[in-house]
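Data block below; observations after.
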DNA sequence: ACAATTTGATACGATATCGTATCAAATATA
DNA sequence: TATATTTGATACGATATCGTATCAAATTGT
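Chains as they are written, first to last, in the numbering used here: chain U, 1 to 198; chain X, 1001 to 1198.
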């Protein structure tokens, strides 16, 4: 329903404000969530005025949606540039796992996950979009590496959730695991799935 | 810092109000989260007056904390009454998994998980308490069934996260898996962990 | 250089929140 | 029965929110 008739064509100044609003609001939303951040606060921190937010994004929810979409797409970009053609099954899984976890354990991503889950009832479509470009994408990359074996898709989900879930839960409650603990789990999970019929 | 000097000794009426407030507020918080529910609304739906909330719980946050503690402890109670002494490793895991997922896939639990994760930055200790009586408890039961094998604790976490994570993610975005899909995952995970050196 | 559009600063209305305070009604206690 | 305590209903102050409206300043295009 976003009606673009009222959208001004952006100046250089307007474009700068557009990006600045997104940048500032991103940090505020990540730090405190959607509800706890007011538009007035975003504008105080950004400069300019609310005019921009309402003309360019339609309002607070539109701004939030734009921010979530940008963030979600960024976290997993390193995963697509790996070349695993010479790696063994176990080694390849371990490399995938480490690359993935290096991204997901960043405080920004932890904050993002908290933010998106907290509003998943209010914005289910945003959560769905996150899932597609987040967990689902990771699982696809893993499944592609596993090849065409039966149940490859399910095994990819298993591997993903084995190495990701508990670490993120701990991080969410301010008790992130050490990196060596993360690596230990990746090794164990890789070994588990590398075995013949697995 | 909850100072109990101002807490009245509860009447029969007072006790009834105490429980009624918790019951009403529980449903409201589950439905819409901590921030979106106002105390005035809780009282409108409960009857009585805000006097009770402030004298008995200290305020909105105290009420929320009490509610989270009660809910968290309830979800997994069925898990402790299972007798798996005659079950094979694979069958026992499957039974544990099904019992667990029957609880976790309930809409009330999905709402609870969304609620607790959304406020995990504001109330990290509440999230920690949830983790202890939730995932950690489940993992303990699973580990106990697996016995004293090396890495049993880690395998229990793996099994738990393999069957739980993806289903809950889908449920959170309003796309809960069918029960037969849940069972298929439980079977696959049980088989995976039932193999000799697993 | 001048007119049209976009952006900035600010004020406003309507509404809502939390926590406290007041005083009347109901209940418990002596 | 008389007194003390708890509960109910309500009002209040301070503060905050969103979305809109107004009008001046800056920038763009002709």
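The C-beta atom is built at its ideal place from N, Cα and C for all residues, glycine as well.
Q. Who are the near neighbours of residue 141(U) in its chain, counting only those whose CB is closer than 6 Å to its CB and skipping five residues on each side?
A. Taking the first residue of the first chain as 1, we reach residue 141(U) at position 141. Closer than 6 Å at the Cβ level, and outside the excluded window around residue 141(U), lie 79.
Q. Just the Cα atoms here: how many angstroms apart are residue 1171(X) and residue 1180(X)?
A. The residue you call residue 1171(X) lines up with position 171 of the second chain. The residue you call residue 1180(X) lines up with position 180 of the second chain. In this structure, the CA atom of residue 1171(X) is about 15 Å from the CA atom of residue 1180(X).
**Q.** Positions along the stretch 146-169 of chain U whose CB lies within less than 7 Å of some CB in chain X
**A.** For the stretch 146-169 of chain U, residues whose beta-carbon sits nearer than 7 Å to a beta-carbon of chain X comprise 151, 154, 157, 158, 161, 162, 165, 166 and 169.
Q. Going along the chain, which unbroken runs of the alpha helix (DSSP H) with 4 or more residues stay wholly within the stretch 24-83 of chain U?
A. Qualifying alpha helix (DSSP H) stretches, in chain order: 39-46 and 60-75.
Q.
Rounded to the nearest angstrom, what separates residue 1160(X) and residue 75(U) at their Cα positions?
A. As a working mapping, residue 1160(X) is identified with position 160 in the second chain. As a working mapping, residue 75(U) is identified with position 75 in the first chain. The straight-line gap from Cα to Cα measures roughly 25 Å.
Q. Among the residues of its own chain, which have a CB less than 6 Å from the CB of residue 71(U), if the five just before and after it don't count?
A. The sequence position of residue 71(U) within the first chain is 71, counting from 1. A distance below 6 Å between beta-carbons, with the five flanking residues on each side excluded, links residue 71(U) to the following residues of its chain, in chain order: 112.
Q) residue 1033(X) to residue 1109(X), Cα distance in whole Å? A) Taking the second chain and counting its residues from 1, one reaches residue 1033(X) at position 33. Taking the second chain and counting its residues from 1, one reaches residue 1109(X) at position 109. Residue 1033(X) and residue 1109(X): Cα-Cα distance of roughly 13 Å.
**Q.** Under the three-state DSSP convention, the category residue 166(U) falls into
**A.** If you number the first chain from 1, residue 166(U) lands on position 166. Residue state, collapsed to three classes: helix.
Q: Below 8 Å between beta carbons is the criterion; list the residues of the stretch 32-47 of chain U that meet it against any residue of chain X, in chain order.
A: Only 32, 33, 35 and 36 from the stretch 32-47 of chain U bring a Cβ to less than 8 Å from some Cβ of chain X.
Q. Around the C-beta of residue 1102(X), are 16 or more other C-beta atoms found within 10 angstroms, so that it is buried, or is it exposed?
A. Counting from one through the second chain, the residue named residue 1102(X) turns up at place 102. So residue 1102(X) ends up on the exposed side.
Q.
Please report the distance separating the alpha-carbon of residue 35(U) from that of residue 155(U).
A. Position 35 of the first chain, counting from 1, holds the residue named residue 35(U). Position 155 of the first chain, counting from 1, holds the residue named residue 155(U). Taking the CA atoms as reference points, residue 35(U) sits about 37 Å from residue 155(U).
Q: Grab me the residues of residue 24(U)'s own chain with a C-beta within less than 7 Å of its C-beta, minus the 5 sequence neighbours each way, in chain order.
A: Indexing the first chain from 1 puts residue 24(U) at position 24. Hits under 7 Å: 42, 45 and 46.
Q. By DSSP, does residue 87(U) sit in helix, in strand, or in coil?
A. Locating residue 87(U) in the first chain gives position 87, where the first residue counts as 1. The answer is coil: DSSP assigns residue 87(U) none of H, G, I, E or B.
Q | When 1116(X), 1144(X) and 1137(X) are compared against residue 1031(X), the one with the closest alpha-carbon | A | Position 31 of the second chain holds residue 1031(X). Taking the Cα of residue 1031(X) as reference, the smallest distance to any Cα among 1116(X), 1144(X) and 1137(X) is reached at 1116(X).
**Q.** Backbone CA spacing between residue 1188(X) and residue 182(U) [nearest angstrom]
**A.** Start at 1 with the first residue of the second chain, and residue 1188(X) comes out as number 188. Start at 1 with the first residue of the first chain, and residue 182(U) comes out as number 182. Straight through space, the alpha carbons of residue 182(U) and residue 1188(X) are spaced by roughly 24 Å.
Q: Would you check if the distance between the CB atom of residue 173(U) and the CB atom of residue 1128(X) is smaller than 8 Å?
A: Against the first chain, residue 173(U) aligns to sequence position 173. Against the second chain, residue 1128(X) aligns to sequence position 128. Yes.
(Q) Strictly below 8 Å CB to CB, what residues from chain X border residue 94(U)? (A) As a working mapping, residue 94(U) is identified with position 94 in the first chain. Here the premise fails: no neighbours, minimum Cβ distance about 15 Å.
**Q.** Residue-level contact to chain U via CB, residue 1120(X), 8 Å cutoff
**A.** Numbered from 1 along the second chain, position 120 holds the residue referred to as residue 1120(X). Residue 1120(X) counts as touching chain U.
Q: Would you kindly report the start and end of the unbroken alpha helix (DSSP H) that includes residue 1134(X)?
A: Numbered from its first residue, the second chain carries residue 1134(X) at position 134. It is not in any alpha helix (DSSP H) - residue 1134(X) carries neither H nor E in the DSSP assignment.
Q) Expressed to the nearest angstrom, what Euclidean distance is found between the alpha-carbon atoms of residue 69(U) and residue 130(U)? A) Counting from one through the first chain, the residue named residue 69(U) turns up at place 69. Counting from one through the first chain, the residue named residue 130(U) turns up at place 130. Rounded to whole angstroms, the separation of the alpha carbons of residue 130(U) and residue 69(U) is 7 Å.
Q.
Need the endpoints of the alpha helix (DSSP H) that residue 188(U) sits in, please.
A. The count along the first chain starts at 1 and reaches residue 188(U) at position 188. Membership of residue 188(U) in the alpha helix (DSSP H) is indicated by the continuous run 179-194.
Q: Taking only beta carbons into account, state which residues of the stretch 181-194 of chain U come closer than 9 Å to chain X, listed in chain order.
A: Going along the stretch 181-194 of chain U in chain order, one finds 184, 185, 188, 189, 192 and 193 with a Cβ nearer than 9 Å to chain X.
Q: Note the first and the last residue of the continuous alpha helix (DSSP H) segment covering residue 107(U).
A: Counting from 1 along the first chain, the entry for residue 107(U) is found at position 107. From DSSP, the alpha helix (DSSP H) with residue 107(U) extends over 107-118.
Q: Taking 8 Å as the cut-off, decide whether the C-beta atoms of residue 1094(X) and residue 1186(X) are in contact.
A: For the purposes of this step, residue 1094(X) is taken as the residue at position 94 of the second chain. For the purposes of this step, residue 1186(X) is taken as the residue at position 186 of the second chain. Yes, Cβ-Cβ distance for residue 1094(X) and residue 1186(X) is below 8 Å.
Q: Determine which residues of the stretch 1052-1065 of chain X have a Cβ less than 7 Å from any Cβ of chain U, and write them out in chain order.
A: Here the close residues number zero.
Q | 7 Å CB neighbourhood of residue 1067(X) in its chain, flanking five on each side removed | A | The residue given as residue 1067(X) occupies position 67 in the second chain. Setting aside the 5 residues that flank it on each side, residue 1067(X) is surrounded in the same chain by 1022, 1025, 1026 and 1029, each with a C-beta closer than 7 Å to its C-beta; the list follows chain order.
Q: Give a yes or no on whether the C-beta atoms belonging to residue 1073(X) and residue 1133(X) are separated by under 8 Å.
A: To locate residue 1073(X), count along the second chain from 1; it is residue 73. To locate residue 1133(X), count along the second chain from 1; it is residue 133. For the pair residue 1073(X) and residue 1133(X), the CB atoms are nearer than the 8 Å cut-off.
Q) What residues in the stretch 1082-1107 of chain X have a beta carbon less than 8 Å from any beta carbon of chain U? A) Cβ contacts with chain U come from no residue of the stretch 1082-1107 of chain X.
**Q.** Pair within 8 Å by beta-carbon distance, residue 37(U) and residue 1118(X)
**A.** Taking the first chain and counting its residues from 1, the one referred to as residue 37(U) is at position 37. Taking the second chain and counting its residues from 1, the one referred to as residue 1118(X) is at position 118. Not closer than 8 Å, so no.
Q) Is DSSP giving residue 153(U) helix, strand or coil here? A) As a first step, residue 153(U) is located in the first chain; it is residue number 153 there, counting from the start. Helix.
Q | Own chain partners of residue 99(U) with C-beta closer than 7 Å, once the 5 adjacent residues on each side are dropped | A | The residue given as residue 99(U) occupies position 99 in the first chain. Here the set comprises 78, 79 and 82.
Q.
Which same chain residues end up closer than 7 Å to residue 1090(X) when comparing Cβ atoms and leaving out the 5 residues on each side of it in sequence?
A. Position 90 of the second chain, counted from the first residue, corresponds to residue 1090(X). Excluding residues within five positions, the ones whose Cβ falls inside 7 Å are 1190, 1191 and 1194.
Q) Apart from the five residues on each side of it in sequence, which residues of its chain come closer than 8 Å, Cβ to Cβ, to residue 176(U)? A) Against the first chain, residue 176(U) aligns to sequence position 176. Within the same chain, residue 176(U) has close Cβ partners 105, 110, 167 and 170.
Q: Using three-state DSSP, classify residue 173(U) as helix, strand or coil.
A: Looking up residue 173(U) in the first chain gives position 173. Three-state result, residue 173(U): coil.
Q. Quick one: what does DSSP say residue 92(U) is sitting in, helix, strand or coil?
A. In the first chain, counting from the first residue as 1, residue 92(U) sits at position 92. Three-state result, residue 92(U): helix.
Q | Residues near residue 1165(X) by beta carbon distance below 7 Å, same chain, minus five either side | A | Counting from 1 along the second chain, the entry for residue 1165(X) is found at position 165. Nothing meets the Cβ criterion.
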